[in-house]
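Following: one structure in structure tokens, then a few remarks.
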Amino acid sequence: MEALDIARWQFGIVTVYHFLMVPLTIGLGTLVAILQTRWHKTGNEAYLRMTKFWGKLFLINFIMGVATGIVQEFQFGMAWSEYSRFVGDVFGAPLAMESLLAFFVESTFLGLWIFGWKKLPAKIHLACLWIAVCGSIFSAYFILVANSWMQHPVGVEMLDGHPVMVDAWAVFTNNTALVAFFHTITGALAVAGGFLLGIAWYQLWRRRKDGIDTVDAKGRVVVGESATIPGRDRKDHSVWIKSLRIGAVVAMIAFAGSAVSGDLSGKLMFEQQPMKMAAAEAACYDGTGFSILSLGDLGSRDCSDVVAVMEVPGLLSFLAHNDFDTEIKGVNTLIPEYQEKYGKYLPDDPMYGDRAGTEINYVPIMPVTYWGFRMMIGFGGLAAAAAAVALWITRKGTVPRSKGLMRLALIGILAPFGANAAGWIFTEMGRQPFVVAPNPSMSGVDQVFLFTAAGVSPGVSAGEMVFSLVALTSVYAVLLVVEVMLLTKYIRGGVVSAMPELDQTKKKDDGDGGTDPGGDADDDVLAFAY
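The opening residue of the sequence shown carries number 39 in my numbering; numbering runs sequentially from there.
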């Protein structure tokens with residue numbers, strides 16, 4: 039393998055891994071802020087318990103996201119220096135705003151929220167969390183502005199072979215960025231909703247298994263409490279049933295929003311990156327039909343071996359143009375158009391190394407785009423359907439004692455994560471062979487593009503890339519184990535893991551030779567964080 043191939047593997051692994059943390063941080067942070075707001079408005083202790091429990095998991099994930107995200111920007115200079123030079127005049131503004139403004143605000147006010155329990159006035163403490171959450175949302179927007187410019191370059195002029203920003207407003211209001219932002223936020227909420235649903239189901243199942251909660255003759259829950267299991271009181275049941283139902287509702291609403299934003303995104307892709315969408319449909323020839331199932335060789339970029347098994351006539355045209363009879367250009371039609379616009383061969387330039395002068399393959403790996411597109415939709419739809427079923431099953435206040443259903447609920451947490459990851463893999467790999475895709479629209483600058491082969495650092499060898507790939511992947515694997523262990527530990531601990539003062543079985547010296555059940559709650563104010 040060449041340095042370019044290894045660099046792409048490294049960037050893909052690190053990016054997809056980091057993006058497992060991003061949607062959970064954004065979505066769960068938003069829900070924690072809503073839960074704390076409900077506590078302030080209602081005074082219901084169940085919402086306080088929910089805030090601290092889910093807040094603890096949010097903080098674990100946030101810190102892991104920071105640790106894994108720092109490497110992202112280092113990779114630009116380490117493995118993609120030519121790409122960094124090309125996009126630097128454009129990316130400087132959004133990345134600076136993400137790092138110096140959005141992330142600074144997010145981390146500062148999150149720190150105030152962590153250390154401000156019972157020290158800051160209640161409204162100010164709540165405001166700190168909302169500001170931190172808004173900071174994470176703005177951070178996502180600025181990153182998406184940069185990524186969307188790679189998908190659809192706008193607001194620039196070419197100067198000495200490099201794009202220079204001449205219209206910041208066009209860059210920051212890129213229609214690709216606006217739609218991608220909407221799609222990303224709804225995807226993040228879907229992840230958070232599934233996270234709440236699966237964990238809350240597990241906790242309610244434990245209450246059933248331990249005999250704390252039972253059901254009457256009509257199947258309605260009879261809420262109990264345990265004197266021997268810390269925190270398992272009546273409010274504990276309220277925490278989990280509210281969390282489950284909130285998570286299910288959020289998951290369904292988020293999927294509906296993802297469907298709407300996904301439709302808008304698809305229409306833009308048909309216009310801005312027609313080859314990506316043709317490959318996503320395995321549409322080798324012009325037509326109107328949407329492929330339900332097409333088969334071909336794994337890794338194929340050749341339409342000669344692709345066979346459409348099932349398709350829905352007219353649906354592809356509707357997705358692209360809102361009608362049923364407009365023909366969509368297929369791969370075989372688009373290839374000569376791309377070759378005429380952007381060249382049939384890579385330029386004979388030293389930056390391309392051994393690839394200089396080789397024929398350009400404008401078709402991305404079709405199994406990746408085809409199945410990535412369907413996995414994104416399929417996992418998202420599966421998560422929403424599971425949420426609807428969960429609402430129905432728990433309508434009488436608890437979950438069944440079935441261990442199998444509990445395991446399905448926990449496994450279901452992975453579905454929206456899978457949808458998000460598949461969507462990003464499709465979006466990024468479908469852009470190949472470009473790292474900055476050309477803008478074919480009438481208002482765009484069509485000659486602003488960069489082949490991926492030209493973006494890799496020229497001084498980096500394949501051996502050096504293998505070393506960094508193995509090192510980063512190994513470190514990330516260790517971090518994944520650490521995060522899963524931490525999340526598992528505190529999930530099993532329940533609310534008590536974030537609020538030790540609820541554990542009345544622990545005795546603390548009161549300073550007068552006696553004991554104080556549960557100790558002083560003020561001493562445990564940061565326990566949910568640590």
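Beta carbons: idealized from backbone N, C-alpha and C, even for Gly.
Helix, strand or coil at methionine 188 [DSSP, three-state]: Working through the sequence shown from its first residue, we reach residue 188 at position 150. Methionine 188 falls in the helix class under three-state DSSP.
For the beta strand (DSSP E) that contains leucine 158, what are its first and last residues? As a working note, residue 158 is residue 120 in the sequence shown. Element bounds for leucine 158: n/a, residue is neither H nor E.
6 Å Cβ shell around glutamine 48 - same chain, five flanking residues per side excluded: Position 10 of the sequence shown, counted from the start, is the residue given in the question as residue 48. Result list for glutamine 48: Leu507, in chain order.
Out of Leu133, Gly173, Gln310 and Phe96, which has the shortest C-alpha to C-alpha gap to isoleucine 108? Locating residue 108 in the sequence shown gives position 70, where the first residue counts as 1. Looking at Leu133, Gly173, Gln310 and Phe96, the one whose alpha-carbon comes closest to that of isoleucine 108 is Leu133.
Is the separation between the beta-carbon of arginine 76 and that of valine 277 shorter than 9 Å? Numbered from its first residue, the sequence shown carries residue 76 at position 38. Numbered from its first residue, the sequence shown carries residue 277 at position 239. Result no, Cβ atoms of arginine 76 and valine 277 do not sit closer than 9 Å.
Rounded C-alpha distance that separates phenylalanine 147 from histidine 163: What you label residue 147 is simply residue 109 of the sequence shown in a count that begins at 1. What you label residue 163 is simply residue 125 of the sequence shown in a count that begins at 1. Approximately 9 Å, taken between the alpha carbons.
If we call anything under 9 Å between Cβ atoms a contact, is arginine 28 one with threonine 436? In the structure as shown, the chain begins at 39 and stops at 568. Residue 28 is therefore absent and cannot be evaluated.
CA nearest to the CA of alanine 475, picked from Pro402, Thr252 and Val406: On the sequence shown, position 437 is the one that residue 475 refers to. It is Pro402 whose Cα lies nearest to the Cα of alanine 475.
In angstroms with no decimal places, state the Cα-to-Cα distance between alanine 286 and valine 128. As a working mapping, residue 286 is identified with position 248 in the sequence shown. As a working mapping, residue 128 is identified with position 90 in the sequence shown. Going by the C-alpha atoms only, they are around 40 Å apart.
Please report the distance separating the alpha-carbon of valine 54 from that of asparagine 458. For the purposes of this step, residue 54 is taken as residue 16 along the sequence shown, with counting starting at 1. For the purposes of this step, residue 458 is taken as residue 420 along the sequence shown, with counting starting at 1. Rounded to the nearest angstrom, the gap between the Cα atoms of valine 54 and asparagine 458 is 9 Å.
When you compare only the Cα positions, how much space is there between glycine 126 and valine 183? Stepping through the sequence shown from its first residue, residue 126 is reached at position 88. Stepping through the sequence shown from its first residue, residue 183 is reached at position 145. Glycine 126 and valine 183 have their C-alpha atoms spaced approximately 14 Å apart.
Under the rule that 16 or more other beta-carbon atoms within 10 Å means buried, what is glutamate 378, buried or exposed? As a position in the sequence shown, residue 378 is number 340, starting the count at 1. Classification for glutamate 378: exposed.
Look up leucine 372 in the DSSP assignment and say whether it is helix, strand or coil. The count along the sequence shown starts at 1 and reaches residue 372 at position 334. DSSP places leucine 372 in helix when its eight states are reduced to three.
Glutamate 397 by DSSP, collapsed to three states: which one? As a working mapping, residue 397 is identified with position 359 in the sequence shown. It is a strand residue.
Go through the region 168-224 residue by residue and report every complete run of the alpha helix (DSSP H) that reaches 4 residues or more, in order. Runs of the alpha helix (DSSP H) inside the region 168-224: 206-210.
With DSSP collapsed to three states, give me the class of leucine 420. Sequence index remark: in the sequence shown, residue 420 carries index 382 (1-based). Reduced to three states, the DSSP call for leucine 420 is helix.
Taking the C-alpha atoms as reference points, what is the distance between methionine 523 and methionine 59? In the sequence shown, the residue the question calls residue 523 occupies position 485. In the sequence shown, the residue the question calls residue 59 occupies position 21. Roughly 15 Å between the two C-alpha positions.
Quick check: the Cα distance between leucine 353 and phenylalanine 362, rounded to an integer number of angstroms? Residue mapping note: residue 353 aligns to position 315 of the sequence shown, counting from 1. Residue mapping note: residue 362 aligns to position 324 of the sequence shown, counting from 1. Straight-line Cα distance between these residues: approximately 6 Å.
Is the CB-CB distance between isoleucine 223 and leucine 69 below 9 Å? On the sequence shown, position 185 is the one that residue 223 refers to. On the sequence shown, position 31 is the one that residue 69 refers to. Not a contact, by the Cβ cut-off of 9 Å.
Helix, strand or coil: how does DSSP classify valine 260 here? If you number the sequence shown from 1, residue 260 lands on position 222. Three-state DSSP puts valine 260 in a strand.
How should tyrosine 383 be labelled, buried or exposed, when 16 other C-beta atoms within 10 angstroms of its C-beta is the threshold for buried? By one-based count along the sequence shown, residue 383 stands at place 345. Exposed, since its Cβ has fewer than 16 Cβ neighbours within 10 Å.
Using the beta-carbon count (16 or more within 10 Å), is leucine 591 buried or exposed? Nothing can be reported for residue 591, as the shown portion of the chain is limited to 39 through 568.
Is threonine 252 near the ligand NAP, in the sense that its beta carbon is under 8 Å from a heavy atom of that ligand? The ligand NAP is absent from the structure shown, which contains no ligand whatsoever.
With distances taken between CB atoms, is the gap from methionine 413 to glycine 456 smaller than 9 Å? For the purposes of this step, residue 413 is taken as residue 375 along the sequence shown, with counting starting at 1. For the purposes of this step, residue 456 is taken as residue 418 along the sequence shown, with counting starting at 1. Yes.
Assuming alanine 423 and lysine 273 form a contact by the criterion Cβ under 8 Å, report the distance between their Cβ atoms to the nearest whole angstrom. Sequence index remark: in the sequence shown, residue 423 carries index 385 (1-based). Sequence index remark: in the sequence shown, residue 273 carries index 235 (1-based). Contact annotation, alanine 423 with lysine 273: C-beta distance approximately 31 Å; criterion of less than 8 Å not satisfied.
Does arginine 270 pass the burial test, meaning 16 or more other C-beta atoms within 10 Å, or should it be called exposed? Locating residue 270 in the sequence shown gives position 232, counting from the first residue. Buried, since its Cβ has 16 or more Cβ neighbours within 10 Å.
Residue environment, isoleucine 237, which counts as buried when at least 16 other CB atoms sit within 10 Å: Position 199 of the sequence shown holds residue 237. By the C-beta density criterion, isoleucine 237 is buried, having at least 16 other C-beta atoms within 10 angstroms.
Own chain partners of arginine 258 with C-beta closer than 7 Å, once the 5 adjacent residues on each side are dropped: Start at 1 with the first residue of the sequence shown, and residue 258 comes out as number 220. Counting only Cβ-Cβ distances below 7 Å, and skipping sequence neighbours, we find Lys434 and Gly435.
Report the rounded CA-to-CA distance for valine 533 versus serine 264, giving the unit in angstroms. Mapped onto the sequence shown, residue 533 falls at position 495. Mapped onto the sequence shown, residue 264 falls at position 226. For valine 533 and serine 264, the distance between alpha carbons rounds to 14 Å.
So, under 8 Å CB-CB, arginine 469 and glutamine 110 are touching, yes? Tell me the CB distance rounded to an integer number of Å. Along the sequence shown, read from residue 1 onward, the residue named residue 469 stands at position 431. Along the sequence shown, read from residue 1 onward, the residue named residue 110 stands at position 72. Incorrect: roughly 18 Å between the Cβ atoms, too far for contact.
Specify whether the region 163-176 and the region 200-212 touch according to this definition: at least 3 beta carbon pairs, one from each stretch, less than 8 Å apart. no
Does any CB atom of chain D fall closer than 9 Å to the CB of glutamate 309? Among the protein chains of the structure shown there is no chain D, as only one such chain exists.
Skipping 5 residues on each side, what residues in its chain have a beta carbon closer than 7 Å to that of glycine 115? Counting from one through the sequence shown, the residue named residue 115 turns up at place 77. Ser122.
Backbone secondary structure at valine 125 - three-state DSSP: As a first step, residue 125 must be located in the sequence shown, where it is residue number 87. Valine 125 falls in the helix class under three-state DSSP.
Based on DSSP bridge pairs, tell me the residues matched to phenylalanine 489. Walking along the sequence shown from the start, residue 489 turns up at place 451. For phenylalanine 489, which the question treats as bridged, DSSP gives the partners Phe472.
Grouping DSSP H, G and I as helix and E and B as strand, with all else coil, what is isoleucine 366? Taking the sequence shown and counting its residues from 1, the one referred to as residue 366 is at position 328. Isoleucine 366 falls in the strand class under three-state DSSP.
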